[in-house]
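Here the sequence shown stands for residues 4 to 157, where the numbers follow the working numbering. Glycine is no exception: its CB is placed at the ideal position from the N, C-alpha and C atoms. Below is one structure, written out as structure tokens; comments come after it.
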Amino acid sequence: MKMIDTHHDHFTESLEALKKTGVRITPQRKAVLNYLVESEVHPTADDIFQSLSSDFPNMSVATVYNNLKLFKQTGLVKELTYGDSSSRFDFNSVPHYHIICIECGKITDFQYPALEEVEHLAGLVTDYDVSHHRLEIYGVCPECSGSETSNPNS
Ligand SMILES: [Zn+2]
Ligand SMILES: [Zn+2]
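Here it is, written out as structure tokens:
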């Protein structure tokens, strides 16, 4: 129940934020937003399109992409670019970090609030007005790191 409530809050709050900007709330726009709030992965525009196209036969990838751009401008989502062609999108709820699989590219969230101290310290020692920081961890995810039955090395 708790998770459903949280999701409901995030979704409702995001819709309200969108309405305040004067944006028209279309069913497609709602669906894209809902997908992002629910998504545990960090989907590309194409992932979202594939998942929603059966419900919205008239929707195009361009529609999805334009909605994502709009959400990004409103601060609802973050665009994650990793040098490849397709950006991934992340619903901007609680601050978190990413660990990225160097084999399959999967991105997993984790939280480590203690790192906010680094911002504070950086500001103190440099006199900068700190806005944000960026940290990414790389590694091999459990699926890629040999939960597979056939180990080529044995
Ligand atoms: Zn992997
Ligand atoms: Zn994330």
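- For His123, the enclosing alpha helix (DSSP H) begins and ends at 119-129.
- Take the alpha-carbon of Val143 and the one of Phe113: they are about 15 Å apart.
- The beta-carbon distance between Met62 and Leu73, rounded to whole angstroms, is 15 Å. This is too long to meet the 8 Å contact definition.
- At least one heavy atom of ligand 1 lies less than 8 Å from the C-beta of Gly108.
- For the pair of segments examined, the region 19-37 was found to touch the region 46-60: the number of CB pairs separated by less than 8 Å reaches three.
- For Thr66 and Ile103, the gap between their C-alpha atoms comes out near 28 Å.
- Remark: three or more beta-carbon pairs, one from each stretch, lie closer than 8 Å, so the region 95-102 and the region 131-150 are flagged as touching.
- At the C-beta level, Leu79 and Leu21 come within 9 Å of one another.
- Secondary structure within the region 79-117: the beta strand (DSSP E) runs of 3 or more consecutive residues, fully enclosed, are 80-83, 91-94, 100-104, 110-113 (chain order).
- DSSP places Glu139 within a strand segment (E or B) once states are collapsed to three.
- Under the three-state reduction of DSSP output, Thr29 falls in the coil class, being neither helix nor strand.
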